[in-house]
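One structure is given below, encoded as structure tokens.
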Amino acid sequence: MATPPRITDAERDAAITRIVERHDRIDDPRRSELGSDPRDVVTFVLNRGPAGVPRWIQAADHHDAVVLSTWCWWEERRRERRLLRQGITLGLSATELGNPLGIRSRQGVRDRLDRLDALLTNDRPDEQLGREARRGARQHDAGQNWLDQHRSEVRPILLALIGQAR
Numbered sequence: 001m002a003t004p005p006r007i008t009d010a011e012r013d014a015a016i017t018r019i020v021e022r023h024d025r026i027d028d029p030r031r032s033e034l035g036s037d038p039r040d041v042v043t044f045v046l047n048r049g050p051a052g053v054p055r056w057i058q059a060a061d062h063h064d065a066v067v068l069s070t071w072c073w074w075e076e077r078r079r080e081r082r083l084l085r086q087g088i089t090l091g092l093s094a095t096e097l098g099n100p101l102g103i104r105s106r107q108g109v110r111d112r113l114d115r116l117d118a119l120l121t122n123d124r125p126d127e128q129l130g131r132e133a134r135r136g137a138r139q140h141d142a143g144q145n146w147l148d149q150h151r152s153e154v155r156p157i158l159l160a161l162i163g164q165a166r
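This note's numbering applies: residue 1 is where the sequence shown begins, and numbers increase by one.
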């Protein structure tokens with residue numbers, strides 16, 4: 001299944017405005033139930049029913065509701081990534097975070113977070129992107145750790161080398 005295209009906030013707002021304007025135009029007595037949250041608008045479109053609404057308006061509403069639903073899909077990915085990151089920061093275990101998502105291992109939670117990061121950064125849900133970045137950071141960190149541990153030995157050698165170069 002392909003990743004749905006991103007829907008901008010302007011596109012989201014335009015879809016809501018079009019639905020509201022259509023229901024104002026036909027003086028829909030239930031238009032007060034619309035709301036302004038995309039999820040509420042999608043629910044309104046799905047539950048409105050055909051009574052008193054021309055078919056062409058229903059079709060146009062459903063088209064805009066799909067746009068809103070796609071925006072909600074991206075918003076849920078951002079929300080899930082934030083929940084996982086904050087849960088890790090708060091000290092929750094991978095099991096605690098992963099169980100409600102059907103993920104059974106720490107690596108599974110890590111992969112899920114990597115996929116979300118890649119999706120939201122590169123529009124590509126590829127956990128390998130996150131793994132490669134972490135691997136590079138670990139390799140750099142390993143070298144830096146060695147230098148930090150051997151600073152007292154390395155510093156005099158570097159000072160002597162600089163003195164020789166002068």
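Quick reminder that beta carbons are idealized off the backbone N, C-alpha and C, glycines included.
Going by C-alpha distance, which of the options is nearest residue i?
i	options	result
Ala-15	Thr-3, Ala-65, Ala-160	Ala-65
Ala-2	Ala-160, Pro-38, Thr-70	Thr-70
Trp-56	Gly-108, Arg-22, Leu-46, Asp-141	Arg-22
Gly-35	Pro-29, Phe-44, Asp-28, Asp-27	Phe-44
Asp-24	Asp-13, Asn-47, Ala-10, Val-53	Val-53
His-62	Gly-91, Val-20, Ser-32, Gly-163	Val-20
Arg-235	Leu-113, Ile-157, Ala-60	For residue 235 there is no data in the structure shown, the boundaries of the chain being 1 and 166.
Ile-88	Pro-100, Arg-104, Arg-110, Gly-102	Arg-110
Asp-114	Ser-32, Leu-159, Arg-82, Asp-9	Arg-82
Looking only at its chain, what residues have a beta carbon closer than 8 Å to the beta carbon of residue i, apart from the 5 residues adjacent to it on each side?
i	result
Arg-77	Leu-116, Leu-119, Leu-120
Cys-72	Pro-38, Arg-39, Val-42
Pro-4	Thr-70, Trp-73, Trp-74
Could one say the Cβ of residue i lies closer than 8 Å to chain B's Cβ atoms, at least one of them?
i	result
Phe-44	As a matter of chain content, chain B is missing from the structure shown, which is built from one protein chain.
Kindly list the residues whose CB is nearer than 7 Å to the CB of residue i, restricted to its own chain and excluding five residues on each side of it in sequence; keep chain order.
i	result
Glu-80	Leu-116
Gln-58	Pro-50
Arg-48	Arg-30
Gln-149	none
Quick one, are the C-beta atoms of residue i and residue j less than 8 Å apart?
i	j	result
Ala-94	Arg-85	no
Leu-147	Val-154	yes
Leu-97	Arg-12	no
Trp-74	Arg-6	yes
Quick one: does the C-beta of residue i sit closer than 7 Å to a heavy atom of the ligand GTP?
i	result
Pro-4	Here there are no bound small molecules, and the ligand GTP is not part of this structure.
Within its chain, find whatever has a CB closer than 6 Å to the CB of residue i; leave out the 5 residues flanking it on each side and keep chain order.
i	result
Glu-33	Phe-44
Within the stretch 47-98, ranges of the beta strand (DSSP E) (whole runs, at least 3 residues): Secondary structure remark: continuous beta strand (DSSP E) runs of at least 3 residues inside the stretch 47-98: none found.
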